[in-house]
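Quick note: the sequence shown uses UniProt numbering, first residue 1, plus one each step. Ideal placement from N, C-alpha and C gives every residue a C-beta, glycine not left out. A quick write-up on the structure given underneath.
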Amino acid sequence: MKINFGGFVPLSTVDWRGRAVCTVFFRGCPVRCYYCHNREIQTGEELREIDEIEDMIRQSRLAISGVIFSGGEATMQKEGLMELARRCRKMNLAVGVQTNGVFPDTLKEMIDEGLLDLVHLDIKTRWEHYPRMLKVGDETVSNIKRSLEICKKAYADGTLPEFQVVVTLFPGREEDVDVIAREANGAELVLQQGVWGSIPPLKFEDLKKIADKIKREVRIRTREDGEVIYDRNRITIAGSMVLTDINQARRK
């Protein structure tokens, strides 16, 4: 069995809070986010045997307690992703996925089989803006909604130990958060500083003001301050959490 391979980071302390992990990038993604940091693996083909990817993970085994599968969009390659997750389980490694939610059946099957410990679900904007911003149809939006509901249910009943809805924010998109926060009720909510091109990023204080309006605990993630837990006037340091991009991946 082969996967369309995008890259590999042998050791990361920023992709999973509280864990040292390795990160496997899958090539290919059906969505085109204008701010994507991994644009070079949205398309193309680099087929690698599953055994080869397993060997990469095994070489990191002594330094890690988990594996993150990212992309591109890892859930787009269901069979390869699930087989790698099974092999990680045999190595006693925790398994996490960073996903845009376009393939809910993959998430459901992995949760049902007990293959997932963490899902980072990236909600790009409010539902009605998806077609215009990401050039996707109603079916794709419905799939993302279904992924959200699947993960919320699994998180609530304990079959998914960790679940975060991640909102990457840029100036001018602040009004999306209130709507997304309601949809993400029952999940951890992360307000992540968007960094793209020459657009001045929102600062921690900007994100804090946005969080104040939704009146719930959130995690605020910036390059300058890492990740903090914020609940109105209470701030708790959660660690340095800025997700790895493909430029940090070691190509083999």
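Per DSSP, the bridge partner or partners of residue i
| i | result |
| --- | --- |
| TYR230 | VAL218, ILE235 |
| ALA94 | GLY66 |
| VAL21 | SER12, GLY66 |
| ASN4 | LEU47 |
| ILE199 | TRP196 |
| THR99 | LEU121 |
| LEU169 | GLN193 |
| GLY71 | PHE26 |
| PHE163 | VAL119 |
| GLU188 | GLN164 |
Supposed contact pair residue j and residue i - C-beta distance, whole angstroms, cut 8 Å
| i | j | result |
| --- | --- | --- |
| PHE103 | PHE69 | No, PHE103 and PHE69 are not in contact; Cβ-Cβ is about 12 Å, not under 8 Å. |
| ASP176 | PHE204 | Not really, about 19 Å apart at Cβ, beyond 8 Å. |
| VAL166 | HIS120 | 5 Å |
| LEU115 | ARG89 | 7 Å |
| LEU148 | GLY101 | 6 Å |
| GLU54 | LEU84 | 7 Å |
| CYS36 | LYS124 | Not confirmed; about 10 Å, so no contact. |
beta-carbon residue i near the ligand GDP non-hydrogen atom, thresh 8 Å
| i | result |
| --- | --- |
| ASP206 | The model on display carries no ligand, and the ligand GDP is accordingly not part of it. |
Identity of the residue in the options nearest residue i by Cα
| i | options | result |
| --- | --- | --- |
| THR75 | ASN92, GLU109, ARG58, ARG89 | GLU109 |
| ARG17 | ILE50, ALA94, LEU47, LEU84 | ALA94 |
| GLU52 | ILE64, GLY7, CYS33, LYS215 | GLY7 |
| THR13 | TYR35, LYS152, GLU40, GLY66 | GLY66 |
| ASP117 | GLU162, ILE150, GLU139, VAL136 | GLU162 |
| LYS213 | GLY197, GLY186, LEU202, ALA181 | ALA181 |
| THR106 | GLY158, VAL141, MET82, GLY137 | MET82 |
| VAL9 | THR43, ARG39, MET56, ILE41 | MET56 |
| PRO201 | ALA184, ARG173, LYS215 | ARG173 |
| GLU113 | ILE50, GLN42, ARG86 | ARG86 |
| ARG58 | GLN42, ALA184, VAL24, ILE41 | VAL24 |
Own chain partners of residue i with C-beta closer than 8 Å, once the 5 adjacent residues on each side are dropped
| i | result |
| --- | --- |
| LEU191 | VAL167, LEU169, VAL177, LEU207, ILE210, ALA211, VAL218, ARG219, ILE220, ARG221 |
| ARG61 | MET91, LEU93 |
| GLU73 | PHE26, GLY28, CYS29, PRO30, VAL31, THR99, ASN100, VAL102, PHE103 |
| ILE199 | PHE170, PRO171 |
| GLY186 | LYS152, TYR155, ALA156 |
| VAL97 | ILE68, PHE69, SER70, ALA74, THR75, LEU81, LEU107, MET110, LEU116, LEU118, VAL119, HIS120 |
| TRP78 | Strictly speaking, residue 78 in this sequence is Lys, with Trp absent from that position. Closer than 8 Å at Cβ, skipping near neighbours: PHE103, ASP105, THR106, GLU109. |
| ILE50 | MET1, LYS2, ILE3, GLY80, GLU83, LEU84, ARG87 |
| LYS215 | ARG232 |
| ASP138 | PRO131 |
| GLY158 | none |
Own chain residues within Cβ distance below 7 Å of residue i, not counting five before or after
| i | result |
| --- | --- |
| ARG234 | none |
| LEU11 | ALA20, CYS22, SER60, ALA63, ILE64 |
| LYS179 | Looking at the sequence provided, one finds Val at residue 179 rather than Lys. Once the five neighbours on either side are set aside, the close Cβ partners of VAL179 are ARG126. |
| ARG48 | LYS2, ILE3, PHE5 |
| LEU160 | ILE111, LEU116, VAL119, CYS151, ALA154 |
| VAL136 | VAL31, TYR130 |
| SER142 | none |
Own chain residues within Cβ distance below 6 Å of residue i, not counting five before or after
| i | result |
| --- | --- |
| residue 253 | The structure shown has nothing for residue 253, since the chain only spans 1 to 252. |
| ASP231 | GLU217 |
| ASP122 | ASN100, VAL166 |
| GLU183 | none |
| GLN42 | CYS29 |
Whole beta strand (DSSP E) runs in the segment 105 to 161 with 3 or more residues, listed along the chain? Entirely contained in the segment 105 to 161, the beta strand (DSSP E) runs reaching 3 residues are, in chain order, 118 to 122.
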